[in-house]
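Undergrad:
Numbering (this note's numbering), first residue to last: 42 to 402.
(1) In three-state DSSP terms, what is residue 334?
(2) Could you pull out every unbroken alpha helix (DSSP H) segment of at least 4 residues lying fully inside the region 229 to 289, listed in chain order?
(3) Excluding sequence positions up to five away, which residues of its chain have a Cβ less than 6 Å from the Cβ of residue 298?
(4) Taking the C-alpha atoms as reference points, what is the distance between residue 290 and residue 312?
(5) Below 8 Å on the Cβ atoms is my guess for residue 87 versus residue 213; work out the distance and round it to an integer in Å.
(6) Does the contact criterion of 3 or more C-beta pairs under 8 Å hold for the region 200 to 212 versus the region 43 to 60?
(7) Measuring CA to CA, which of 379, 255 and 300 is closest to residue 272?
(8) What separation, rounded to the nearest whole angstrom, lies between the Cα atoms of residue 254 and residue 231?
(9) Considering just the uninterrupted stretch of the alpha helix (DSSP H) at residue 355, what are its terminal residues?
(10) Using only CA atoms, which one of 320, 348, 362 and 264 lies nearest to residue 247?
(11) Mind checking if residue 80 is an interface residue toward chain C, Cβ cutoff 7 Å exclusive?
(12) With DSSP run on the structure shown, which of helix, strand or coil describes residue 95?
(13) Looking at the structure shown, is residue 223 part of a helix, part of a strand, or coil, going by DSSP?
(14) Since residue 93 and residue 113 are thought to touch, with beta carbons under 8 Å apart, how far apart are those beta carbons, to the nearest angstrom?
(15) So is the beta-carbon of residue 272 under 6 Å away from any non-hydrogen atom of the ligand FAD?
(16) Is it the case that the region 338 to 351 contacts the region 314 to 323, given that we only count it when at least three CB pairs across the two stretches are under 8 Å?
(17) Do residue 221 and residue 233 have their C-beta atoms closer together than 7 Å?
(18) Assuming residue 65 is part of the alpha helix (DSSP H), what are its boundary residues?
(19) Alpha carbon to alpha carbon, how far is residue 201 from residue 265? Give it in angstroms, no decimals.
(20) In its own chain, which residues sit with a C-beta less than 7 Å from the C-beta of residue 374, not counting the 5 before and 5 after it?
(21) Helix or strand or just coil, what does DSSP make of residue 105?
(22) Among 198, 366 and 294, which has the Cα closest to the Cα of residue 338?
As structure tokens, then:
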């Protein structure tokens, strides 16, 4: 058998084994999805609260520092959502009405604009959408009936995430040292290094995406207020939430804002909102993300897009949100492992390998 064929065969069966292991791991995660998502949220909380806890730990024991840090962050989050909720409460129906009016404006433009679509063609598309909604009414009803259960699951998962984050913040290093101790002595240094790099990447991405989402929302809010587009606060909140889906989230949210602007303020203001979308996207892609996230995450945009698409197919919105940090962690971990494979006398890296201030909690 030719040497090249033997090498290809050896590589092939190893790849199949890795794919089989990945498939089994994915099935296990799906089976315990509720717990897995809660633990993932706990890691996010630990990444966000960790720096504050470290600062407070300089003046008080770590236990009270963790408690105070968690209370402060949760209070800020609740305060923001209460403020936004008061803004949205009386405007949610108006947002839906304005959005429908904007869609009607677009349909009229399709008939009278340069495309010159016939009313029959437009009606056919509208009827197709309505037919889809009618066919899925049972699913929507089932979702509505199970809303109370979903809300209960949400609060249960959030409580589990807070509970786990307390232990991550109090004894994250001890938990990680215990896990490293399960491996052979000669590999513990590299395993520990991989963990430090992985945590640095994850923490850097988490803090960076929060900053990016916040800046996007603030810029959109300022632009909508200047253009006097109604429902500016709900639309800015939508931009903030959608910004956690890389590449496509913020443009989708701001496109909704453009439709509302079309209905409320006319085509010129809608065009101005579209220009705003483009400018903010350029600022985010060329200035904000390289400044905030370049040290923690170094993925090609194509890899980000493929990761988001695969995550969406596998796990819906949750998959779209977590796909990029998971891929970034895998990439940085594999790269670190490969680059340190041929070293002799390897020693673990410092606790902040990415320069993000993201040591293990």
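The C-beta atom is built at its ideal place from N, Cα and C for all residues, glycine as well.
Owing to the predicted nature of the structure, the values given are computational and were not obtained by experimental measurement.
TA: Straight from the coordinates:
(1) Translated into positions along the chain shown, residue 334 becomes position 293. Helix.
(2) 229 to 267 and 273 to 283
(3) The sequence position of residue 298 within the chain shown is 257, counting from 1. The answer, listed in chain order, is 276 and 314.
(4) As a working note, residue 290 is residue 249 in the chain shown. As a working note, residue 312 is residue 271 in the chain shown. So the two alpha carbons sit approximately 20 Å from each other.
(5) The sequence position of residue 87 within the chain shown is 46, counting from 1. The sequence position of residue 213 within the chain shown is 172, counting from 1. Contact flag correct, Cβ pair sits at about 7 Å.
(6) no
(7) Your numbering for residue 272 matches position 231 in the chain shown. Checking every option, the nearest Cα to that of residue 272 belongs to 300.
(8) Counting from 1 along the chain shown, the entry for residue 254 is found at position 213. Counting from 1 along the chain shown, the entry for residue 231 is found at position 190. If I take the Cα positions, the gap works out to 34 Å.
(9) As a position in the chain shown, residue 355 is number 314, starting the count at 1. Start and end: 342 to 380.
(10) In the chain shown, the residue the question calls residue 247 occupies position 206. Closest option to residue 247, Cα to Cα, is 362.
(11) In summary, chain C is missing from the structure at hand, where a single protein chain is found.
(12) Here residue 95 corresponds to residue number 54 of the chain shown, with the count starting at 1. Three-state DSSP puts residue 95 in a helix.
(13) Here residue 223 refers to the residue found at position 182 when the chain shown is read from its first residue. Coil at residue 223, not helix or strand.
(14) As a working note, residue 93 is residue 52 in the chain shown. As a working note, residue 113 is residue 72 in the chain shown. That pair is a contact at about 7 Å.
(15) Absence of the ligand FAD is noted for the structure shown, with no ligands found whatsoever.
(16) no
(17) Numbered from its first residue, the chain shown carries residue 221 at position 180. Numbered from its first residue, the chain shown carries residue 233 at position 192. In this structure, residue 233 lies closer than 7 Å to residue 221 by Cβ.
(18) The sequence position of residue 65 within the chain shown is 24, counting from 1. Per DSSP, residue 65 belongs to the alpha helix (DSSP H) from 44 to 72.
(19) Locating residue 265 in the chain shown gives position 224, where the first residue counts as 1. Locating residue 201 in the chain shown gives position 160, where the first residue counts as 1. Between residue 265 and residue 201, the C-alpha separation is close to 38 Å.
(20) By one-based count along the chain shown, residue 374 stands at place 333. Excluding positions up to five away in sequence, the list reads 235, 238 and 239.
(21) Residue mapping note: residue 105 aligns to position 64 of the chain shown, counting from 1. Residue 105: helix per DSSP, three-state reduction.
(22) By 1-based counting over the chain shown, the position of residue 338 is 297. Nearest of 198, 366 and 294 to residue 338, Cα basis: 366.
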